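Input: a single structure, listed below in structure tokens.
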Amino acid sequence: MKNRTLIKQITGIDTADGDGVKLTRIIGSPKLNMLDPFLLLDCFESDQAQDYIGGFPEHPHRGFETVTYLLNGRMRHKDNAGHEGVIESGDVQWMTAGRGILHSEMPEQEDGLLKGFQLWVNLPGVAKMSAPKYQEYSSEVLPIEPLDNGGTVKVIAGVTNHGTVGPVKNNYVSPTYMDINLPKGSDFRQTITKGHNAFIYVLEGSISINNASNNRKQALAAKTLGILSDGEQLCLQSIEQGSRFLLLAGKPLNEPVVRGGPFVMNSESEIRQAFFDYQRGLF
Numbered sequence: 001m002k003n004r005t006l007i008k009q010i011t012g013i014d015t016a017d018g019d020g021v022k023l024t025r026i027i028g029s030p031k032l033n034m035l036d037p038f039l040l041l042d043c044f045e046s047d048q049a050q051d052y053i054g055g056f057p058e059h060p061h062r063g064f065e066t067v068t069y070l071l072n073g074r075m076r077h078k079d080n081a082g083h084e085g086v087i088e089s090g091d092v093q094w095m096t097a098g099r100g101i102l103h104s105e106m107p108e109q110e111d112g113l114l115k116g117f118q119l120w121v122n123l124p125g126v127a128k129m130s131a132p133k134y135q136e137y138s139s140e141v142l143p144i145e146p147l148d149n150g151g152t153v154k155v156i157a158g159v160t161n162h163g164t165v166g167p168v169k170n171n172y173v174s175p176t177y178m179d180i181n182l183p184k185g186s187d188f189r190q191t192i193t194k195g196h197n198a199f200i201y202v203l204e205g206s207i208s209i210n211n212a213s214n215n216r217k218q219a220l221a222a223k224t225l226g227i228l229s230d231g232e233q234l235c236l237q238s239i240e241q242g243s244r245f246l247l248l249a250g251k252p253l254n255e256p257v258v259r260g261g262p263f264v265m266n267s268e269s270e271i272r273q274a275f276f277d278y279q280r281g282l283f
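The sequence shown runs 1 to 283 under this note's numbering.
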């Protein structure tokens with residue numbers, strides 16, 4: 001099988017969203033506008049309440065999916081359809097906004113560390129006006145596969161080489177979403193469907209992977225995203241110390257992408273319709 005290699009390294013930019021929540025935008029910035037089908041990747045991380053306490057008051061979405069993966073802390077989700085719940089450390093919420101939803105995400109804590117990721121996954125044109133829905137899984141039910149080298153793979157979506165299957169289903173982009181911990185000096189291999197766009201985001205430590213231009217080992221450090229070349233297999237090594245990283249992949253939709261704030265559609269006219277529907281209270 002052809003190994004995937006490192007094409008490009010990208011660091012995020014500091015910004016704020018919601019009611020002043022400080023975060024790092026990794027995808028969805030001038031450095032990396034999107035990596036089809038992934039539209040946005042934000043990391044929020046602070047133990048200072050003033051950086052996150054404002055949360056994300058009620059706001060609309062249409063035309064894509066939002067994925068919240070919380071590593072530390074508690075956030076309350078509430079929408080205009082009566083759905084409400086608390087996302088806690090290690091939980092994931094995969095929300096399909098579809099034709100439209102109004103929701104809020106507010107911290108359920110007044111101090112301590114709040115850390116997590118929000119990912120936006122595009123929907124194809126045929127599904128953009130589908131009914132909103134949720135796939136929600138607590139940390140207790142998300143499978144964690146132990147590796148022979150002492151590492152672990154937490155599987156949100158996709159399937160590992162040893163057959164551990166993540167519970168999230170999406171038939172449009174067939175996503176892979178894994179949280180991987182490796183001890184120092186250990187290897188990791190994972191099959192990735194050929195043709196799927198894929199990237200790694202390193203949370204802790206550093207990893208070593210072959211560079212696409214010269215096929216020599218190159219380090220990917222913490223808080224850095226690495227875009228991978230096409231291929232069928234990922235091979236990498238944890239170096240210097242233990243490492244933790246996210247591995248994401250998905251089938252590109254190869255459709256026009258037109259953004260209008262919280263709406264992502266295929267054309268300008270569809271964006272105008274989204275604003276019109278929202279203003280008339282049709283979400």
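For every residue, glycine included, the Cβ atom is placed at its ideal position computed from N, Cα and C. Owing to the predicted nature of the structure, the values given are computational and were not obtained by experimental measurement.
Boundaries of the alpha helix (DSSP H) around ALA274: 268-279.
The closest CA to that of GLY98, considering only ASP79, LEU123, ASP187, is found on LEU123.
Counting along the chain, the unbroken beta strand (DSSP E) around ARG244 starts and ends at 233-250. By the neighbour-count definition (other C-beta atoms within 10 Å, threshold 16), GLY166 is a buried residue. Distances from the CA of THR176 to each of THR193, HIS162, GLY20 were compared; the closest alpha carbon is that of THR193. In the DSSP assignment, GLY185 forms no beta bridge with any residue.
According to the DSSP assignment, ILE87 belongs to the beta strand (DSSP E) that extends over 84-88. Pairing SER174 with LYS251 gives a Cβ-Cβ distance under 8 Å. DSSP places GLY125 within a helical segment (H, G or I) once states are collapsed to three. For the pair GLY261 and ARG244, the Cα-to-Cα distance works out to about 32 Å. Contact check for ARG25 against ALA198 fails: the beta carbons are separated by 8 Å or more. The Cβ atoms of ASN72 and LEU113 sit closer than 8 Å to each other. In the structure shown, ASP47 falls within a coil segment according to DSSP collapsed to helix, strand and coil. Sequence-distant Cβ neighbours of SER267 in its own chain, meaning closer than 7 Å and more than five residues away, are PRO256, VAL258. Contact check between the region 222-235 and the region 4-14: three or more CB pairs, one atom from each, fall below 8 Å, which counts as touching. LEU248 sits away from LEU203, with the two beta carbons spaced by 8 Å or more. The residues GLY54, in chain order, have a CB closer than 7 Å to that of GLY20 in the same chain once the five nearest residues on each side in sequence are set aside.
In this model, ILE156 and VAL92 are separated by some 8 Å (Cα to Cα).
Annotation for HIS162: no beta strand (DSSP E) segment contains it, and DSSP assigns it neither H nor E. If you compare the alpha carbons of PHE64, VAL86, GLU84, GLU105 with that of PHE44, the shortest gap goes to GLU105. In this chain, the beta strand (DSSP E) harbouring TYR137 covers 133-137. Here ASP111 is exposed: its Cβ has fewer than 16 other Cβ atoms, across all protein chains shown, within 10 Å.
When GLY163, GLY158, HIS162 are compared, the shortest CA-CA separation from ASN171 is found for GLY158. Secondary structure at LEU147: coil, using DSSP grouped into helix, strand and coil. GLU270 and ASN33 have their C-alpha atoms some 20 Å from each other. With fewer than 16 other CB atoms across the displayed protein chains lying within 10 angstroms of its CB, LEU282 is exposed.
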